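*Asks:*
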Amino acid sequence: MHTGSGRRFAAVAGVGLTAALVLSAGAAAPAGASDGADARAASSDTLTKFGYRGDVYGVKLVTDSVEALNLKDAHAQQLCTRAAGKVVEQRSAVSVPDNPLIRVSASTSRTETYVDGATHGVRGTNTIGDISIGGTVGPLTTPRLVIKGLQTTAHAFNTPQGYGHAESFTFASISLELLENTVVQQLPPELQELLAPLDQVSDTVFTGTQQAAQQVFEVLSDVTKPIVIPGLGSIALGYENGRANDRNAQSQASALRIEVTAGDRRQLVELGTARVRMGGPAPVGVFRSGGTAMDYQVLDGALRFGNVQHKALPCQGSRGRTQTYRVPHASQLVPVPVLLDGVSYQVNGDQLGRKKVAKGWSRTAIRSVSIPTAQLVITDLSSRAAMRQKAGKRVRSKVSTAIGSITVGGQPLEVPAPGGVVELPNGVGEIQRQLVDTGYRGSQVIGLRIKLYSDAVVIDLARTAGRIYPH
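Heads up: the sequence shown begins at 200 in this note's numbering, then just goes up one per residue.
If you want it as structure tokens, here you go:
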């Protein structure tokens, strides 16, 4: 298997000027695949032997492995499909990453699957009008980085030579501003050296143009790890990660990844991110299967948190091999704290071309769930969804759940039977086990649903889906 990852950001600044960074592995990016319109029109909804998936968004906020789903902005998601010519596009008027140091303007996200001659592929693109990062944090003022017209692209493809991937970033202009009271001596050494020739006075502004801008960009791109800014955290410009082998390709590009370390909980903000992947063969259909440890809703869904590093089975399956992913710890603290330990995801899928059969399963497990305000502790919770389909037939599915124990205030509570409900002491809420949604394409199961009445909170734990689609 060939793998590769890195962080780069190359540029020439100035309004109207564009610079691009393109990285590829496996096979070279096919020239015709980037032309676009003609190939896409000719390949509208063509059924192929590959499975494609895309996920593109303007802003994503993750705190201690739990995503703020309401803040996921301009989210264009292409669920697993075998069809070329599929386009998903989402727009936003303004993005709010829930951080006073980060300002993002209008964003557009797009995913598309295509066929162009012998080339098959999936491409994801995000475009952001303006990004501004930096400002004043307590007693410290940081420089402000401003990027205009930023476009991020991730591309996975297959040609007669094999699978490949490419990542690119383009922009109109970039500037670095020194705000009033910026203390240069407290900045990273790389930036101190760059800014030293500029006299530190009130409202000094350093704007990235031509040669001076090139110096800024060289400093930002030459470092081998994200630049750390005191009081803010770290910033990685132009993050890309892709890989390709003889069975699949995947590509990820994030314009900026900002890790905020202020406080005692790690917060990750991703801006302008595109993730795509494709693989084959997929002779029967595609799997839409995977799990998430928690889906946390407040006030009838007005606020939503979850995903917990959600993992999905590759669209084409895993060739019958079990893939396991682990998340040691995750938490959501507002409005009701929930602590998760020992999260694991397992997926397995296979397609048998001669028998025209697709089959697989997914499992989500949590070693421990704690809700301190309710004195509630749940151990060894898991859910599993299995699926099997003969081409052209209804998907046969089977779900199951397991629970080790439930205690409230250290006292054991009855473990509900599948489909059953148990009331929490003093009427504070209820626990329901094994909620199932079954249809023609398969099933989804929720291991436990916890309702806390006074807080208007609903927490779904160990949610697992097992579905198969023909195209």
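For each residue, glycine too, the CB sits at the ideal point set by N, CA and C.
Just so we're clear, the structure is a prediction, and the values are computed from it rather than from any experiment.
Provide the residue(s) that pair with Asp254 in DSSP beta bridges, ordered along the chain.
*Replies:* Looking at the DSSP assignment, Asp254 forms a beta bridge with Gln276, Arg474.
*Asks:* I'd like to know whether the C-beta atoms of Gln550 and Gln515 end up nearer to each other than 8 Å.
*Replies:* Cβ atoms of Gln550 and Gln515: closer than 8 Å.
*Asks:* Please classify Gly609 as buried or exposed, where buried requires at least 16 other C-beta atoms within 10 Å of its C-beta.
*Replies:* The residue is exposed, with fewer than 16 neighbouring Cβ atoms inside 10 Å.
*Asks:* Roughly how many angstroms lie between the CA atoms of Leu246 and Thr280, to the nearest whole one?
*Replies:* Cα to Cα, Leu246 sits roughly 9 Å from Thr280.
*Asks:* What residue range does the beta strand (DSSP E) around Pro534 cover?
*Replies:* Pro534 -> no beta strand (DSSP E), and no H or E assigned at all.
*Asks:* Just reading off the beta strand (DSSP E) that His364 is part of, what are its end residues?
*Replies:* Per DSSP, His364 belongs to the beta strand (DSSP E) from 361-369.
*Asks:* Counting C-beta neighbours from all protein chains within 10 Å, is the total for Val258 16 or more, i.e. buried, or is it exposed?
*Replies:* Val258 is buried by the Cβ-count criterion.
*Asks:* Mapping DSSP to helix, strand and coil, what is Met320?
*Replies:* Contrary to the premise, residue 320 reads as Gly rather than Met in this sequence. If DSSP states are grouped into helix, strand and coil, Gly320 belongs with the strands.
*Asks:* With contact counted as at least three CB pairs below 8 Å, one residue from each stretch, are the segment 475-486 and the segment 650-661 in contact?
*Replies:* The segment 475-486 vs the segment 650-661: no contact.
*Asks:* Measure the beta-carbon distance from Val556 to Lys589 and round it to whole angstroms, keeping in mind my assumption that it falls under 8 Å.
*Replies:* Confirmed, about 6 Å.
*Asks:* So, is Ala536 buried or exposed, given that buried needs 16 or more other C-beta atoms within 10 angstroms?
*Replies:* In the sequence as displayed, the identity of residue 536 is Pro instead of Ala. With fewer than 16 Cβ atoms within 10 Å of its Cβ, Pro536 is classed as exposed.
*Asks:* What's the call for Asn506, buried or exposed, on a 16-neighbour Cβ count within 10 Å?
*Replies:* Asn506 comes out buried.
*Asks:* Among residues of its own chain, excluding the 5 on either side of Val287, which ones have a beta-carbon nearer than 6 Å to its beta-carbon?
*Replies:* Excluding residues within five positions, the ones whose Cβ falls inside 6 Å are Ala275, Gln277, Thr310.
*Asks:* Mind reading off the beta-carbon distance from Gly552 to Pro615? Whole number of angstroms is fine, and I expect it under 8 Å.
*Replies:* Incorrect: roughly 42 Å between the Cβ atoms, too far for contact.
*Asks:* Just to confirm the assignment, what range does the beta strand (DSSP E) spanning Ile667 have?
*Replies:* First-last of the beta strand (DSSP E) with Ile667: 656-668.
*Asks:* Is the beta carbon of Val656 less than 8 Å from the beta carbon of Val497?
*Replies:* Their beta carbons are under 8 Å apart, which means Val656 touches Val497 by this criterion.
*Asks:* Checking 8 Å against the spacing of the C-beta atoms, do Leu539 and Met586 come in under that value?
*Replies:* Result no, Cβ atoms of Leu539 and Met586 do not sit closer than 8 Å.
*Asks:* Could you tell me the distance, in whole angstroms, from the CA atom of Phe368 to the CA atom of Leu436?
*Replies:* Answer to the nearest angstrom: the Cα atoms are 10 Å apart.
*Asks:* For Pro513, does the count of other Cβ atoms within 10 angstroms reach 16, so buried, or fall short, so exposed?
*Replies:* Counting Cβ neighbours within 10 Å, Pro513 comes out buried, since at least 16 surround it.
*Asks:* Between the alpha carbons of His670 and Gly591, how many angstroms are there, rounded?
*Replies:* Roughly 11 Å separates the two Cα atoms.
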